[in-house]
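Participant:
There are 2 protein chains.
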Amino acid sequence: MSSDALPAPAPVTLREVALAAGVSVATASKALNGQGRMTAETRERIRETAQRLGFRPNSLAQSLLRKRSFTVGLLTNDTYGRFSLPLMAGVSDALVDAGVSVFLCNVEDDSRLGQLHVEAMLDKRVDGIIATGKRIDRHLPIDLSNLRIPVIYAFTQPDPGSVAFVSDDAGGARLAVEHFCGLGRRRIAHVSGPASFAVVHERARAYREVLAEHGLPVAEPLLGAWSEGWGHEAVAKLFDGKAGRGEMPDAVFCGNDQIARGVIDALRERGIGVPEDVGVIGFDNWEIVAEATRPPLTSVDMNLATLGREAGLALLSLVGGQAAAPGIRKLPCRLVVRQSCGRPVGG
Amino acid sequence: MSSDALPAPAPVTLREVALAAGVSVATASKALNGQGRMTAETRERIRETAQRLGFRPNSLAQSLLRKRSFTVGLLTNDTYGRFSLPLMAGVSDALVDAGVSVFLCNVEDDSRLGQLHVEAMLDKRVDGIIATGKRIDRHLPIDLSNLRIPVIYAFTQPDPGSVAFVSDDAGGARLAVEHFCGLGRRRIAHVSGPASFAVVHERARAYREVLAEHGLPVAEPLLGAWSEGWGHEAVAKLFDGKAGRGEMPDAVFCGNDQIARGVIDALRERGIGVPEDVGVIGFDNWEIVAEATRPPLTSVDMNLATLGREAGLALLSLVGGQAAAPGIRKLPCRLVVRQSCGRPVGG
DNA sequence: CTGAGTTGGGAAAAGGTTTTCTCTTATCGC
DNA sequence: GCGATAAGAGAAAACCTTTTCCCAACTCAG
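Going down the list, the sequences are from chains A and B.
Here the first sequence stands for residues 951 to 1297, numbered as in this note's numbering.
Here the second sequence stands for residues 951 to 1297, numbered as in this note's numbering.
1. Helix or strand or just coil, what does DSSP make of H1140 (chain A)?
2. In whole angstroms, what separates the C-alpha of G1258 (chain B) from that of A1104 (chain B)?
3. So, at 7 Å on beta carbons, what are the nonlocal neighbours of D1251 (chain B) in its own chain, with the 5 sequence-adjacent residues on each side left out?
4. Measure the C-alpha to C-alpha separation of L1090 (chain B) and G1083 (chain B) and round it to an integer number of angstroms.
5. On the DSSP bridge list, what partners appear for V967 (chain B)?
6. So R1211 (chain A) packs on T1243 (chain A), CB below 8 Å; how close in whole Å?
7. Out of A:Q1001, A:G1277, A:E1178, A:R993, which has the shortest C-alpha to C-alpha gap to V1239 (chain B)?
8. Counting pairs of Cβ atoms below 8 Å between the segment 1032 to 1044 of chain B and the segment 1016 to 1036 of chain A, do you hit three or more?
9. Comparing the C-beta of P959 (chain B) with each C-beta of chain A, is any distance below 8 Å?
10. Return the residues of the segment 1249 to 1261 of chain B that lie within a Cβ-Cβ distance of less than 7 Å from chain A, sorted by chain order.
11. Distance check for L1173 (chain A) and L1066 (chain B), CA to CA, integer angstroms please.
12. Of the residues that make up the segment 1095 to 1109 of chain B, which ones have a beta carbon closer than 8 Å to any beta carbon in chain A?
13. When you check each C-beta in the segment 994 to 1016 of chain B against every C-beta of chain A, which residues fall closer than 8 Å?
14. Would a check of beta-carbon distances place A1210 (chain A) closer than 8 Å to chain B?
15. Can you tell me which of A:L1014, A:F1053, A:L1063 puts its alpha carbon nearest to the alpha carbon of M1071 (chain A)?
16. Less than 8 Å between CB atoms is the rule here; does D1073 (chain B) satisfy it with respect to chain A?
17. With hydrogens ignored, establish whether the beta-carbon of E1163 (chain A) is closer than 7 Å to any heavy atom of the ligand MN.
18. Distance check for V1185 (chain A) and R1158 (chain B), CA to CA, integer angstroms please.
19. Taking Cβ-Cβ distances shorter than 8 Å, what residues in chain A pair up with E1178 (chain B)?
20. Please confirm if G1223 (chain A) has its CB atom under 8 Å from at least one CB of chain B.
21. Within 10 angstroms of its Cβ, does T1256 (chain B) collect 16 or more other Cβ (buried), or is it exposed?
22. Suppose the cutoff is 6 Å on Cβ atoms and the five residues either side in sequence are ignored; what does the same chain contact list for T999 (chain A) look like?
23. How long is the line joining the alpha carbons of R1288 (chain A) and A1169 (chain B), rounded to whole angstroms?
24. Does the beta-carbon of M951 (chain B) have 16 or more other beta-carbons within 10 angstroms, so that it is buried, or is it exposed?
25. Under a CB-based cut-off of 8 Å, is S1146 (chain B) close to chain A?
26. At what residue ranges does the segment 1085 to 1130 of chain A contain a whole run of the beta strand (DSSP E), taking only runs of 3 or more?
27. DSSP puts S1249 (chain B) in a beta bridge; with which residues?
28. Within 10 angstroms of the Cβ of A1048 (chain A), are there 16 or more other Cβ atoms? Answer buried if so, exposed if not.
29. Could you give the distance in angstroms between the alpha-carbon of D1215 (chain A) and the alpha-carbon of H1182 (chain A)?
30. When you compare the CB of F1115 (chain B) with every CB in chain A, is at least one pair closer than 8 Å?
31. Determine whether the beta carbon atoms of H961 (chain A) and R1006 (chain A) lie at a separation below 8 Å.
32. In chain A, which residues lie with their C-beta within 8 Å of the C-beta of S1189 (chain B)?
33. Give the straight-line distance between the Cα atoms of E1139 (chain B) and V1202 (chain B), rounded to the nearest whole angstrom.
34. So, under 8 Å CB-CB, M1375 (chain A) and A981 (chain A) are touching, yes? Tell me the CB distance rounded to an integer number of Å.
35. With respect to the beta strand (DSSP E) encompassing V973 (chain A), which residues constitute its N-terminal and C-terminal limits?
36. I want to verify the contact list: residues of chain A whose CB lies under 9 Å from the CB of A1120 (chain B), in sequence order.
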């Protein structure tokens, strides 16, 4: 109940190192930073003393002077983390080697909380901020447009004139549909999420374009929800009441892996073979889902870790004083091929 | 390509406030902190000036002096984040109101990376560290036992003599099995993960105890993997080749929600009704899975957000100088009832 | 009117590091 | 041997805030 539960010896300071080595703090500082002029012998002696005493410079004091704290803030409203976690890991990865640490700020969708976090970041003199979210077409509940520090947007709606990184959803959709075409599939359906999501339309457009380029019939995309249940329903709409195999789709491109999962299960229940009769491709490459479908699901991966890494590096260069051209950079997706599409038809 | 892409006006300092208000920095500081003695008028004038100039105290300078940085480090090796995300959110929640920010340190299972992060934390003078992981029975790849700052372990294997918070897995298992008993189920099976996990045995023990207490037959738990596939297999072992309904289990308690999902699907494929013929309970309450099963899955929730919050508060009080009794605190789970268990049998 | 006490506010040190400037001493060329 | 130069190292300011001590002026009792 009283204080002093721990021994907590105070960290050793530069002054103590200097004292032990018989030099001034100025010399000690220069020795350890490779600055200034002194005999190699002196430098080595100081280095050794620092080592022996376990000296580690106080980052707070350094930051105060250098006006760089070697910290950045990472804002997110993705409580569930399916998208932001790989992204965060990427950011962290890119920065840790530069000695930059990341403040995690979970702002939910609460602008009071967002304000609180942003002010805490500013007070702590972060060198920059990365804003990320669970949805590309929604803003975080905070205004970051007039901060005195660089801001990078990643996988969330950016402010005009800012630097942003997002996934190339249209490109990802192309990848999927082209893959079907390359396998000889000809009646390719598209089942996606709610119309309120911008990516739904972006992917649908790409879907239509690729089919048109290949001279294949374009079915109107089925929009619904991001759920397995919707996958089931969609299969009923697509397959029930069709005269024969020739009328049914032979491929379904799904808006996410959960829909794809529902589609696959519903097809199996109808005795329709995946991939023999129908190929299925999902989106997100959520491994835990994609690997649990039977057969394992081919899916579009948004490379979110890479996106996070790029965002981290971009912030770093902004902090370093490099100017970055504002705008939205779309990073390519990749197709992870598993077993839900099969080999070329008749190949 | 050159520097100075942004205007980046330097933040206003206390000195500027003091100058503008016509007082010394000492007085300004005291005015804003409610310290010292001065006329109410002076104090108000200074406050107003600070407000007008948008003064925010430099946290770095404060930390240097107070020897408290109002930051903590959060170490995790849970890349996927299913467990650590709610936990992190809880920690963050508990701390943000105290003005404490959280450094996110993803150490993977790489001890070099762990070392790097821990040193960065120490250099940045964090007030304390929370260590968390994806598994209660595994250590992070770092030694935190001799740090000069408080450490709290949450959902990971603690060092001896430390303060730790984990979920009460045995209690959670009791909750599930008792629930079955209360509904009149009598042949309750248990399908769980690999024997290499400590929680598997802990839950199995609780399962046996509850059955014994109720005078019900104990079947040997089936141990396998944490996957849907294993759920399927387990159903085959439990149900195939049984003479009739009377020999088959009428309830299955699963080690996680994915296994439960596999079990439910496999039962449906065999024409066995859930919950009419067999009740199913999962573990983890991973909503996205639990709500996608048909019927939606009753599951044990480990209350990880609460666990994180407790850990955060505990660290805060440790940092504040309160001594905490070392040891492992087990926090209760709760049962989230959905539709996979049905109403009382014959009730 | 004087001494004690109170009130309002400032000077300065502290916290740990970096950096510029200065100072002393050794070295070199002649 | 002498002046010029370079080398090695230290003093001090700076970063921004907090806090302790101190000082001046005022109030009040006697």
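Positions of the beta carbon are idealized from the N, C-alpha and C atoms, including for glycine.
Facilitator: This is what the structure gives:
1. The residue labelled residue 1140 (chain A) in the question sits at position 190 within the first sequence. Reduced to three states, the DSSP call for H1140 (chain A) is strand.
2. Locating residue 1258 (chain B) in the second sequence gives position 308, where the first residue counts as 1. Locating residue 1104 (chain B) in the second sequence gives position 154, where the first residue counts as 1. Distance between the alpha carbons of G1258 (chain B) and A1104 (chain B) is about 7 Å.
3. Within the second sequence, residue 1251 (chain B) is the residue found at index 301, counting from 1. Contacts found: N1235, C1283, R1284, V1286.
4. If you number the second sequence from 1, residue 1090 (chain B) lands on position 140. If you number the second sequence from 1, residue 1083 (chain B) lands on position 133. Approximately 7 Å, taken between the alpha carbons.
5. Within the second sequence, residue 967 (chain B) is the residue found at index 17, counting from 1. Paired residues: none, contrary to the question.
6. As a working mapping, residue 1211 (chain A) is identified with position 261 in the first sequence. As a working mapping, residue 1243 (chain A) is identified with position 293 in the first sequence. Confirmed, Cβ separation roughly 5 Å.
7. Translated into the one-based positions of the second sequence, residue 1239 (chain B) becomes position 289. If you compare the alpha carbons of A:Q1001, A:G1277, A:E1178, A:R993 with that of V1239 (chain B), the shortest gap goes to A:E1178.
8. Enough Cβ pairs lie closer than 8 Å, so yes.
9. Translated into positions along the second sequence, residue 959 (chain B) becomes position 9. Judged by the 8 Å Cβ criterion, P959 (chain B) is in contact with chain A.
10. For the segment 1249 to 1261 of chain B, the set of positions with a beta-carbon nearer than 7 Å to some beta-carbon of chain A is empty.
11. For the purposes of this step, residue 1066 (chain B) is taken as the residue at position 116 of the second sequence. For the purposes of this step, residue 1173 (chain A) is taken as the residue at position 223 of the first sequence. Straight-line spacing of the CA atoms in L1066 (chain B) and L1173 (chain A) works out to 47 Å.
12. Listed in chain order, the positions of the segment 1095 to 1109 of chain B with a beta carbon within less than 8 Å of a beta carbon of chain A are R1098, I1099, P1100.
13. Taking 8 Å as the Cβ-Cβ cut-off against chain A, the residues of the segment 994 to 1016 of chain B that qualify are R1006, P1007, N1008, S1009, L1010, A1011, S1013, L1014.
14. Your numbering for residue 1210 (chain A) matches position 260 in the first sequence. At a cut-off of 8 Å between beta carbons, A1210 (chain A) makes no contact with chain B.
15. Within the first sequence, residue 1071 (chain A) is the residue found at index 121, counting from 1. In this structure, A:F1053 is the residue among A:L1014, A:F1053, A:L1063 with its C-alpha nearest to the C-alpha of M1071 (chain A).
16. Locating residue 1073 (chain B) in the second sequence gives position 123, where the first residue counts as 1. By this cut-off, D1073 (chain B) is an interface position.
17. Absence of the ligand MN is noted for the structure shown, with no ligands found whatsoever.
18. As a working note, residue 1158 (chain B) is residue 208 in the second sequence. As a working note, residue 1185 (chain A) is residue 235 in the first sequence. Between R1158 (chain B) and V1185 (chain A), the C-alpha separation is close to 43 Å.
19. Stepping through the second sequence from its first residue, residue 1178 (chain B) is reached at position 228. Result: A1242.
20. Walking along the first sequence from the start, residue 1223 (chain A) turns up at place 273. Not an interface residue.
21. Within the second sequence, numbered from 1, the residue matching residue 1256 (chain B) stands at position 306. The residue is buried, with at least 16 neighbouring Cβ atoms inside 10 Å.
22. The sequence position of residue 999 (chain A) within the first sequence is 49, counting from 1. Excluding residues within five positions, the ones whose Cβ falls inside 6 Å are V967, A970, A971.
23. Locating residue 1288 (chain A) in the first sequence gives position 338, where the first residue counts as 1. Locating residue 1169 (chain B) in the second sequence gives position 219, where the first residue counts as 1. Rounded to whole angstroms, R1288 (chain A) to A1169 (chain B) spans 37 Å at the Cα level.
24. The residue labelled residue 951 (chain B) in the question sits at position 1 within the second sequence. Confidence at M951 (chain B) is low in this model, with a pLDDT of 38, below 50, so the placement of that residue is unreliable and no value is reported for it.
25. As a position in the second sequence, residue 1146 (chain B) is number 196, starting the count at 1. Taking 8 Å as the threshold, the shortest C-beta distance from S1146 (chain B) to chain A does not fall below it.
26. With a minimum length of 3 residues, the unbroken runs of beta strand (DSSP E) contained wholly in the segment 1085 to 1130 of chain A fall at 1101 to 1104, 1113 to 1117.
27. For this step, residue 1249 (chain B) is matched to residue 299 along the second sequence. The partner list for S1249 (chain B) (beta bridge, DSSP) reads B:G1232, B:V1286.
28. The sequence position of residue 1048 (chain A) within the first sequence is 98, counting from 1. That one is exposed.
29. Residue 1215 (chain A) sits at position 265 when you count from the first residue of the first sequence. Residue 1182 (chain A) sits at position 232 when you count from the first residue of the first sequence. Using only the alpha carbons, I get a separation of about 7 Å.
30. Locating residue 1115 (chain B) in the second sequence gives position 165, where the first residue counts as 1. No, no contact with chain A.
31. In the first sequence, counting from the first residue as 1, residue 961 (chain A) sits at position 11. In the first sequence, counting from the first residue as 1, residue 1006 (chain A) sits at position 56. A quick correction: the sequence has Pro, not His, at residue 961 (chain A). Yes, these two residues count as a Cβ contact at 8 Å.
32. For the purposes of this step, residue 1189 (chain B) is taken as residue 239 along the second sequence, with counting starting at 1. According to the sequence as given, residue 1189 (chain B) is Phe; it is not Ser. Result: empty, since nearest Cβ-Cβ is about 19 Å, beyond 8 Å.
33. The sequence position of residue 1139 (chain B) within the second sequence is 189, counting from 1. The sequence position of residue 1202 (chain B) within the second sequence is 252, counting from 1. Inspection of the sequence shows that residue 1139 (chain B) is occupied by Ala rather than by Glu. Approximately 5 Å between the Cα atoms of the pair.
34. In this structure chain A extends from 951 to 1297, so residue 1375 (chain A) is not present and cannot be described.
35. Along the first sequence, one-based indexing puts residue 973 (chain A) at 23. Per DSSP, V973 (chain A) belongs to no beta strand (DSSP E) and is neither H nor E.
36. What you label residue 1120 (chain B) is simply residue 170 of the second sequence in a count that begins at 1. Identification of chain A residues near A1120 (chain B) by a Cβ-Cβ cut-off of 9 Å yields none; the smallest Cβ-Cβ distance measures about 26 Å.
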